[in-house]
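Participant: Going by numbering that gives the first Met the number 0, the residue at position 76 of the sequence shown is 75; the numbering climbs one at a time, nothing skipped. I have a structure here, written as structure tokens, and I will follow up with some questions on it.
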Amino acid sequence: MSDPVRRQLLRLGTLAAAAAPLARASGAAAAGRGGPRFPDAWFPVTDHGAVGDGVTDCTAAVRAAVHACHRAGGGHVLIPAGLWATGPIHLLSGVDLHVAEGATVLFSTDPSAYLPVVRTRWQGVEVFNYSPMIYAFGQHGIAVTGRGTLDAQSDNAHWWPWKGSGQYGWEPGMPHERADWATLEQWGAQGAPLTQRVLGAGHYLRPSFIQPYMCADVLIEGVTLRNSAFWNIHPVLSRDIVVRDVRVECEGPNSDGCNPDSCENVTIERVTFATHDDCIAIKSGRDQDGRRVGVPSRRIRIRDCVYLSGGAAVAIGSEMSGGVSDVVAQRLRLPFDAGLGEASVASVLVVKSTPTRGGYVRDVRVTDVDAPAWTYVPFEVTFQYAGDTGGAAPAEVTGLSAARWSMRGPCEYPVRVRARPEAPVSEVTLDRLVFDEAAQDILLQSVTDLTMRHVTVNGLPQEGSS
Numbered sequence: 000m001s002d003p004v005r006r007q008l009l010r011l012g013t014l015a016a017a018a019a020p021l022a023r024a025s026g027a028a029a030a031g032r033g034g035p036r037f038p039d040a041w042f043p044v045t046d047h048g049a050v051g052d053g054v055t056d057c058t059a060a061v062r063a064a065v066h067a068c069h070r071a072g073g074g075h076v077l078i079p080a081g082l083w084a085t086g087p088i089h090l091l092s093g094v095d096l097h098v099a100e101g102a103t104v105l106f107s108t109d110p111s112a113y114l115p116v117v118r119t120r121w122q123g124v125e126v127f128n129y130s131p132m133i134y135a136f137g138q139h140g141i142a143v144t145g146r147g148t149l150d151a152q153s154d155n156a157h158w159w160p161w162k163g164s165g166q167y168g169w170e171p172g173m174p175h176e177r178a179d180w181a182t183l184e185q186w187g188a189q190g191a192p193l194t195q196r197v198l199g200a201g202h203y204l205r206p207s208f209i210q211p212y213m214c215a216d217v218l219i220e221g222v223t224l225r226n227s228a229f230w231n232i233h234p235v236l237s238r239d240i241v242v243r244d245v246r247v248e249c250e251g252p253n254s255d256g257c258n259p260d261s262c263e264n265v266t267i268e269r270v271t272f273a274t275h276d277d278c279i280a281i282k283s284g285r286d287q288d289g290r291r292v293g294v295p296s297r298r299i300r301i302r303d304c305v306y307l308s309g310g311a312a313v314a315i316g317s318e319m320s321g322g323v324s325d326v327v328a329q330r331l332r333l334p335f336d337a338g339l340g341e342a343s344v345a346s347v348l349v350v351k352s353t354p355t356r357g358g359y360v361r362d363v364r365v366t367d368v369d370a371p372a373w374t375y376v377p378f379e380v381t382f383q384y385a386g387d388t389g390g391a392a393p394a395e396v397t398g399l400s401a402a403r404w405s406m407r408g409p410c411e412y413p414v415r416v417r418a419r420p421e422a423p424v425s426e427v428t429l430d431r432l433v434f435d436e437a438a439q440d441i442l443l444q445s446v447t448d449l450t451m452r453h454v455t456v457n458g459l460p461q462e463g464s465s
């Protein structure tokens, strides 16, 4: 771990302890500990000039309400029923952004609204880039709550074309992100100073939707997120995070639902995902830059979530160079919804890496899965993500466990592990798994210490099961 990051995380520990006096009114419990609680003080954005007509720019009014709430010692910034047009919202310690039922926050689609640049992480590499739509840096005791809707308004005319794909509105001659991503990858590989990694204006890396960066004691509860430009909920280098009773809806590019990135003590529960990319993807930085920061993701708890569409219900990686450990996912449902444009969820659990990533994945357990819908490969480990086979830094993967899965829909491979002989996957436990309609047999390459109990594929017990 780099010294600046270590100092910041230690400082956050002190700040979180200092936040205890705020715990005297409403709030919600975090994972195994007291979550952020806020005084019963309310700061309506309308008191600062906001107009809920869906047209008036409320950016300054929301900012004023956040600052007033913070200065008063904490409370709730209220966005009441109505349509509220705004640019980025930056949270401060002690502030709960409460989006009331019947409220829709419409975020600007003008990239210049998200300037000046802020410190962020883009696909695992640190950079100064456009502000996320809801952002906090180095804050403690913050929340986004309520039964309202947050709408990034991204579509094939706004943000998504930057992907550079005709599927998302890009046409030849239009700008796209590939050159900027290549530059950022090079900066990460060369260890360029962070202060020199500045993109933003005139560049095309899309911002995340909600991003607490180096924060402690974070709650995201109740809201619906729609039409993100990029990743939806993306906490980075943060700890003590609860994401609860949220709904994520986006079929755009890179629309990951919730990506804890070098975070610890994270609970994700009762969340419904309808995304195009991974529903939950646990990350910890990419290649050299991820190893430079050197902060793992650990103690992640996932339970009672519903996955309507997306890549994987739970993915580890591919940006996991800082390491991932102690992940438990329980009671996952993958129903089939014929009304969605996506064909269910591709995987229940996937660990994806490349031979350049390094890092480790340890102690991941996924239990009690109910899946009547189609899946491509329910349980997968690959070191060939995105076709990348070169490199001499494979990850260490050990301690993967799957128990009590009912996979009633069709799949290609029920279990597929493709490791390398010099870096085998070890300590894999498959227990009470049922795959009713698999096109292929279980495929295991370079797996050691395998335990398989009561596993059936197409009604047939598998070798090694007992």
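Where a beta carbon is used, it is the ideal one built from N, C-alpha and C, also for glycine.
#1: Using CA coordinates, which residue listed in 395, 373 and 146 is at the minimum distance from residue 316?
#2: Run the CB neighbour count on residue 198, radius 10 Å, all protein chains shown included, and call it buried at 16 or more, exposed below.
#3: Considering residue 148, what are the terminal residues of the beta strand (DSSP E) in which it resides?
#4: Excluding the five sequence neighbours on either side, which residues of its own chain have a C-beta within less than 6 Å of the C-beta of residue 95, listed in chain order?
#5: Inspect the beta-carbon positions of residue 407 and residue 430 and report whether they are closer than 9 Å.
#6: Can you find the residues in the same chain that come closer than 6 Å, C-beta to C-beta, to residue 397, ignoring five residues on each side of it along the sequence?
#7: Note down, in chain order, each residue of its chain lying with its Cβ closer than 6 Å to the Cβ of residue 280, except the 5 sequence neighbours on either side.
#8: Look at residue 168 and residue 159 and say whether their C-beta atoms are less than 9 Å apart.
#9: Give the C-beta separation of residue 78 and residue 147 to the nearest angstrom, bearing in mind that I take them to be a contact with Cβ-Cβ under 8 Å.
#10: Pull up the distance between the alpha-carbon of residue 211 and that of residue 217, whole angstroms please.
#11: Cα separation between residue 434 and residue 175?
#12: Measuring straight from C-alpha to C-alpha, what distance separates residue 450 and residue 282?
#13: Which residue from 383, 464 and 447 puts its Cα closest to that of residue 454?
#14: Nearest to residue 231 by alpha carbon, out of 207, 221 and 251?
#15: Mind checking residue 239: buried by the 16 CB within 10 Å criterion, or exposed?
#16: Classify residue 173 as buried or exposed, calling it buried when 16 or more other Cβ atoms lie within 10 Å of its own Cβ.
#17: Report yes if the CB atom of residue 370 is closer than 9 Å to the CB atom of residue 347, and no otherwise.
#18: Report all residues from its chain with a CB closer than 6 Å to the CB of residue 325; omit the five preceding and five following residues, and keep chain order.
#19: Closer than 8 Å by C-beta to residue 21: which residues in its own chain qualify, once you throw out the five before and the five after it? Chain order, please.
#20: Please state the DSSP three-state secondary structure of residue 167.
#21: Just to confirm, are residue 309 and residue 278 a CB contact at a threshold of 9 Å?
#22: Leaving out the 5 sequence neighbours to the left and right, which residues in its chain are closer than 6 Å to residue 306 when beta-carbon positions are compared?
#23: Check this for me: beta carbons of residue 419 and residue 354, under 9 Å apart or not?
#24: What is the residue span of the beta strand (DSSP E) that residue 263 lies within?
#25: Who does residue 352 pair with in a DSSP beta bridge?
#26: I'd like to know whether the C-beta atoms of residue 87 and residue 43 end up nearer to each other than 9 Å.
Facilitator: Looking at the atomic coordinates:
#1: Here residue 316 corresponds to residue number 317 of the sequence shown, with the count starting at 1. Comparing Cα positions, the closest option is 395.
#2: The count along the sequence shown starts at 1 and reaches residue 198 at position 199. Buried, since its Cβ has 16 or more Cβ neighbours within 10 Å.
#3: Start at 1 with the first residue of the sequence shown, and residue 148 comes out as number 149. 148-150 is the span of the beta strand (DSSP E), which, as asked, contains residue 148.
#4: The sequence position of residue 95 within the sequence shown is 96, counting from 1. Counting only Cβ-Cβ distances below 6 Å, and skipping sequence neighbours, we find 37, 75, 142 and 144.
#5: What you label residue 407 is simply residue 408 of the sequence shown in a count that begins at 1. What you label residue 430 is simply residue 431 of the sequence shown in a count that begins at 1. Not in contact: residue 407 and residue 430 (Cβ atoms no closer than 9 Å).
#6: Counting from 1 along the sequence shown, the entry for residue 397 is found at position 398. So the list reads 361, 425 and 426, once near-sequence residues are dropped.
#7: Residue 280 sits at position 281 when you count from the first residue of the sequence shown. The residues are 255, 258 and 314.
#8: Stepping through the sequence shown from its first residue, residue 168 is reached at position 169. Stepping through the sequence shown from its first residue, residue 159 is reached at position 160. For residue 168 and residue 159, yes; Cβs fall inside 9 Å.
#9: Looking up residue 78 in the sequence shown gives position 79. Looking up residue 147 in the sequence shown gives position 148. The Cβ separation is near 7 Å, so the contact holds.
#10: Position 212 of the sequence shown, counted from the start, is the residue given in the question as residue 211. Position 218 of the sequence shown, counted from the start, is the residue given in the question as residue 217. About 8 Å.
#11: Working through the sequence shown from its first residue, we reach residue 434 at position 435. Working through the sequence shown from its first residue, we reach residue 175 at position 176. Roughly 41 Å between the two C-alpha positions.
#12: As a first step, residue 450 is located in the sequence shown; it is residue number 451 there, counting from the start. As a first step, residue 282 is located in the sequence shown; it is residue number 283 there, counting from the start. Straight-line Cα distance between these residues: approximately 27 Å.
#13: For this step, residue 454 is matched to residue 455 along the sequence shown. Here the closest residue by C-alpha is 464.
#14: The sequence position of residue 231 within the sequence shown is 232, counting from 1. Here the closest residue by C-alpha is 207.
#15: Indexing the sequence shown from 1 puts residue 239 at position 240. Classification of residue 239: buried, given that the 10 Å Cβ count is 16 or more.
#16: In the sequence shown, the residue the question calls residue 173 occupies position 174. Its Cβ having fewer than 16 others within 10 Å, residue 173 is exposed.
#17: To locate residue 370, count along the sequence shown from 1; it is residue 371. To locate residue 347, count along the sequence shown from 1; it is residue 348. Contact flag set, yes.
#18: The residue labelled residue 325 in the question sits at position 326 within the sequence shown. Correct list, in chain order: 297, 298 and 362.
#19: Numbered from 1 along the sequence shown, position 22 holds the residue referred to as residue 21. Any reading at residue 21 must be qualified, since the residue scores a pLDDT of 30, below 50, and its modelled position is unreliable; the value itself is stated next. Cβ neighbours of residue 21 beyond the five flanking positions: 35, 36, 37, 38, 72, 73, 93 and 140.
#20: Here residue 167 refers to the residue found at position 168 when the sequence shown is read from its first residue. Note: residue 167 maps to helix in three-state DSSP.
#21: For the purposes of this step, residue 309 is taken as residue 310 along the sequence shown, with counting starting at 1. For the purposes of this step, residue 278 is taken as residue 279 along the sequence shown, with counting starting at 1. Yes, they are a contact pair.
#22: Position 307 of the sequence shown holds residue 306. Closer than 6 Å at the Cβ level, and outside the excluded window around residue 306, lie 272, 278, 312, 333 and 344.
#23: Here the question's residue 419 lines up with position 420 in the sequence shown. Here the question's residue 354 lines up with position 355 in the sequence shown. Going by C-beta atoms, residue 419 is nearer than 9 Å to residue 354.
#24: Locating residue 263 in the sequence shown gives position 264, where the first residue counts as 1. Segment 263-268, the beta strand (DSSP E) holding residue 263.
#25: Taking the sequence shown and counting its residues from 1, one reaches residue 352 at position 353. According to DSSP, which records beta bridges pairwise, residue 352 is partnered with nothing at all.
#26: Position 88 of the sequence shown holds residue 87. Position 44 of the sequence shown holds residue 43. No, the Cβ-Cβ distance between residue 87 and residue 43 is not below 9 Å.
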